[in-house]
Structure formats: C-alpha cells, structure tokens
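> Sequences listed follow chains A and B, in order. 4 is the number of the first residue of the first sequence in the numbering used here; add one for each residue after it. 21 is the number of the first residue of the second sequence in the numbering used here; add one for each residue after it. Glycine included, each C-beta is placed from N, C-alpha and C at the ideal position.
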Amino acid sequence: MRLDKLSWAAFVREAEAKGSDLFEFLLARAAGELETDKASVLARLSAMLKVMEESVAYGLTGVPSNSGLTGGNAQKMAQAFPRKENERFMRLLGPLASDAVLYATAVTECNAAMGRICAAPTAGASGIVPGVLLALRKHEDLSRTKLVEGLLVAGVIGEVIADRATLAGATGGCQAECGSGAAMAAGAAVYLLGGDGHQIDAAISIVFKNVLGLVCDPVAGLVEVPCIKRNAGGTVQALLAAEMALLGVTSFIPADEAIDAMERVGRSLPHGLRETAEGGMATTPTAQAWAKKYFAR
Amino acid sequence: MNLFDIIGPVMIGPSSSHTAGACRLGLLAAAILGQEPVRADILLHGSFARTYRGHGTDRALAAGLMGWAPDDLRIPQALSLAKEEGRDFVFRPGDLGSMVHPNTACFQLTGADGRECRVIGSSIGGGQVKVTSIDGFAVELTGVLPALLIPHRDEPGVIALVSSILALHQVNIASMRVFRDNKGGLATMVLECDEGVPDNVVHQLETLDPVHSVRFVDRVV
C-alpha cells in the first residue's frame, strides 16, 4: 500500500535528482508499474494512438448518434474549412487549434455513434487528447514515435489526477472529465514542443484555473449534449495553457495543488450537476422537451 | 489506476458505465452461467432503464452474453446477430427498489443444456462491474480475477478445509469474503484467486461434506 498521493512535482524532482530525462524516467516508471519492458509500453501506446486515428476517420464520415440528437458537425466543419469565404473565420483560432477542435468533435461524434474509441481519460472526454495530439502532428511535423511519447506524458498526468482527485463526472463534474483531458493534452503539447517538467506543471495548473467548477449536465443523461462541444472547448483550453507555459508564463498555484482544488470543488458540487441530468443544460426547457419525447419512444 | 486505465480502455461508445461496463456485466453473467445463454430475460433498473436505448446498453449486454469484448465492432448489431443465432434475449425496464445501484441489470439466463441462473449486477463506473446476487444468494464478484463461489453450511472449519485444498494445489487466494444470512444456516464463500482453478480441484472441493456446490467463474476482459 502506498500512502503518499502521486505528485507531478515529485516526478519532476525525482527525474532531476537522478539526472534522468523526464520522459525516460516516466517510461521506466510505467514499465515497472505494469511489470513489463519499455518497448511493450510504447507498443501499447502506439496501438491506442491508432484507435484514436480511426475514431477521427469514422467521426469525419458524419455519422449520426445512436439517439439521433447529435452528429455530422465534424463533417460539416471539415467541408467548410477549405472554402475561400471561410478563411477570415478560420483566423479566429488559427489552423492548428481549428484542427484540434475538428478532430475532438470527430472522436466524440464517433463515440456517440457507438464507434470505437480509446477512453482517455474517459469515454465522455475522449476527444481532447487525440484532438490536440493529431493537430500538433499535422502542423508541427512530429514523428509518430514522438507523438506516442506525448501520449505517455498525457497518461502520467491522468494518473496523478486520478490518484489525487477523480476522472469521473459523476464524482467531480465535467472539470474532472474534460478538465482532466485538457490538462493531459496541455502537458503533452508542452512536452512535444520541447518544454520541461516545470512548464508542464504550469500548463496543468493553468488548465484547471480555467475549467474549475465545470459541471456535468448531459441532456437526457446521454454523452452528447453538451459533451461534444465541451471536448472541442477542451482542446482550446489545452492549447492556451500550453502556449502560455511554453512562452515562459508560470502559474502561482502548483499543478498538484490545482488538482487538489479540483477535487474539493468536485465534492462540493450539488448532486444535480454531477452526471445526473438534473441540472444545468439538462434542465433547460429545450433539453427537457427533447428528453420527454425521447423517453416516450 | 495504471497508465492504461487512463489511456484506455479501447471500447465501443458512448459510455464507459452504460456501454463498456454493460458489456463486461454480460460477460460476467455468462461466465457465472458457465456458457453463453440461449435465453435471457433482462430487467433494467434505474439509469439503465431510462437511457438504455441511447447508450446501447441492451446491445452491449447482449454482446457480453455472447462472449464479445467491449471493443468488438459488432456491438451495434448485437441484437440482430443474437436473433440470427437463434438466441432469445428480452430486455424490460423495471424497478429493483431505491436501495439498488442506478446502473443495475437482473439476468434470468438459460443455457443450451437447460441450466438456469439468476444474476444481479451493477456497472459501478469506469467500466467496472460488481455482481451482487447469484440465484438469490448475496455475493460480491468483480470479474477482475478468477473466482470460486462456494455455498456451504455455516460451521467451524469449512474455510480451513477449502483453503487447505487450494494450498495443496498451489492456488493462491487474493481475496476472500463470506456472506451468510444467519448463523449455522447457508453461507456463501467468494474466493478470488491469482490463477484459474483446475476442474479436478473444483471436484475435490465439491466432495467436502459441508459444501453444497462449487462454481468457478473465470475473469472477464
């Protein structure tokens, strides 16, 4: 039994004390934890990345969700991107962030359509990590090997969050799902663009500053509205935090403490705002009218 | 949680509790029956009853009963494929009472050899499941490790008899719980083991006088 909670700061400290590269340190730790070798860990991560790519491809075909409530927005955006008259709009986010939003939407639409996804960290928040990683690959010309390394960094951040707080919307609200997905993606982005462990720490903290209190309020209890848009938004939060951290902005609150704050906020969220469909967007007149018809089917 | 609980599992959407967890619950129920059922009457409780169509909970449960993993791409077609295979699976929204976990299913299963079994289990989040009742007996079974279910007469020494036979065959017990209604009545032992338990060991346990029956339930993916 381990008494201390996992800590991002401790990982960075330990790697520095050993004079080890942060990624190598985290990889060795994961291999030890899983009782396997480093190559197997990387191979398994690579298989997860492949699932993420397939989810994007399936989502881009415009599949409707199982309930009929959502679907088709990823395809709609992909078709709109290249049009001349939209160039002006595409400057609002910039090409990398636009693609991250597109891919995250595609993955979560794939999920809602009963397609296959990699739940990272959860099914409901499965779009953010692939959204950011695959957009970075396209625009930063990163190798697949490098991308897999980023996925490991994202995973370790998720482990710290799961240990100190929660990844479940039913326990901590959407800040625990999409918020955690964004923190994982932000850390991976900082790593992939050459940032160090301290900059990753700052990026995690900046994400939680911006998503603290985000509630889980799915219409009719389905993983569709507002989940798909929240995944799209999560990629932008991740890129914002990564950009600030890479430019040298620090965060006054350390990542571990920001995660602890998320845990406390989650616990104090009322029951109706933790995946029960009894608050927030789920209790708007439009949502309730749709849910009434849906449950009467 | 390890790295691949965070980056993973790979699953058919949309919900880890209502879809992937439902599939694992079906797998565990079939493992308890000891075969893929040909008939299943499944009562859905709570959130399962309310949202099962949108989450594909019925398809995922059917897929699990047929032995499919939570990442099987055929899950969306599970109901029609079950029908094609001549299986009679019926889903009914119902109510098991306010004390029961909101994502719960009650399975009444029949195997090809006529064997029947009644299983109640819940999807408790993140794809994890817990079976709480088998044929009316309280148990607690997660499907994470292979397990032995042993209904027996509640009297001194039964646990020692069972564990010594397992020790003799080098089967390591990872966890153990005993459920009983009243002292001296019928009790059920649930032993989670680090490895599968061979048939000859199961038969040897069955010959113990206070033991009513022995059921081995393998781990599910």
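How do the stretch 129 to 148 of chain A and the stretch 68 to 77 of chain A stand: do at least 3 beta-carbon pairs fall below 8 Å, yes or no?
no
> Per DSSP, what are the beta-bridge partners of B:Q128 in this structure?
For B:Q128, which the question treats as bridged, DSSP gives the partners B:D61, B:R138.
> When the Cα of A:P257 is compared with those of A:Q202, A:Q240, A:R119, A:M93, which residue comes out closest?
If we check each option's Cα against that of A:P257, A:Q202 comes out closest.
> Within the 9 Å Cβ cut-off, does A:D204 reach chain B?
no
> Compare the C-beta of A:M187 with all C-beta atoms of chain B and state if any pair is closer than 9 Å.
yes
> Answer yes or no: do B:L116 and B:A102 have a C-beta to C-beta separation smaller than 9 Å?
no
> Is the number of C-beta pairs between the stretch 45 to 57 of chain B and the stretch 134 to 154 of chain B that are closer than 8 Å three or more?
Yes: at least three Cβ pairs fall under 8 Å.
> Determine the DSSP secondary structure at B:P96, reduced to helix, strand or coil.
Of the three classes helix, strand and coil, the one that applies to B:P96 here is helix, per DSSP.
> Would you say the stretch 91 to 109 of chain B touches the stretch 28 to 37 of chain B, given that touching needs at least three Cβ pairs under 8 Å?
yes
> Helix, strand or coil: how does DSSP classify B:T208 here?
strand
> Applying a beta-carbon distance threshold of less than 8 Å, which residues of chain B neighbour A:G118?
Chain B residues near A:G118: I32, G33.
> Per DSSP, which residues does B:G145 bridge with? Please list them.
B:Q148
> Return no unless some Cβ of chain B is closer than 9 Å to the Cβ of A:Y106.
no
> Could you tell me whether any Cβ in chain A is nearer than 9 Å to the Cβ of B:P230?
Interface annotation, B:P230: not in contact with chain A, CB-CB separation never under 9 Å.
> Could you tell me whether the stretch 240 to 249 of chain A touches the stretch 180 to 189 of chain A, where touching means 3 or more Cβ pairs closer than 8 Å?
yes
> Compare the C-beta of B:I27 with all C-beta atoms of chain A and state if any pair is closer than 9 Å.
yes
> Locate the alpha helix (DSSP H) running through A:V268, then write down its first and last residues.
Unbroken alpha helix (DSSP H) run through A:V268: 258 to 271.
> Assuming B:L161 and B:C213 make a contact with CB atoms under 8 Å, what is their CB distance in whole Å?
No, B:L161 and B:C213 are not in contact; Cβ-Cβ is about 12 Å, not under 8 Å.
> Tell me, which residues are paired with B:N123 by DSSP?
B:G66
> Taking B:G216 as the reference, which of B:G74, B:K203, B:F24, B:Q190 has the closest Cα?
B:Q190
> Could you check the C-alpha separation between B:R59 and B:R44 for me, to the nearest Å?
18 Å
> List the residues of chain B that A:G161 touches, going by C-beta distances under 9 Å, in chain order.
M21, L23, D25, I26, I27
> Would you verify that the beta carbon of A:F26 is, or is not, closer than 9 Å to some beta carbon of chain B?
no
> Restricting to Cα atoms, I'd like to know which of A:G198, A:E180, A:A20 is closest to A:R217.
Checking the sequence shown, residue 217 of chain A turns out to be Leu, not Arg. Measuring from the Cα of A:L217, the nearest candidate turns out to be A:E180.
> Within 10 angstroms of the Cβ of A:E38, are there 16 or more other Cβ atoms? Answer buried if so, exposed if not.
It is exposed - the Cβ of A:E38 has fewer than 16 other Cβ atoms within 10 Å.
> Can you name the start and end residues of the alpha helix (DSSP H) that A:M93 belongs to?
90 to 93
> Give me the Cβ distance between B:D174 and B:L206, rounded to the nearest whole Å; I'm assuming they're in contact under 8 Å.
7 Å
> Nearest by alpha-carbon distance to A:L196: which of A:G275, A:V44, A:L145 is it?
A:L145
> Give the residues of chain B in contact with A:A168, contact being defined as C-beta atoms less than 7 Å apart.
The contacting residues do not exist; A:A168 stays about 12 Å from chain B at best.
> What is the residue span of the alpha helix (DSSP H) that A:D102 lies within?
Residues 98 to 115.
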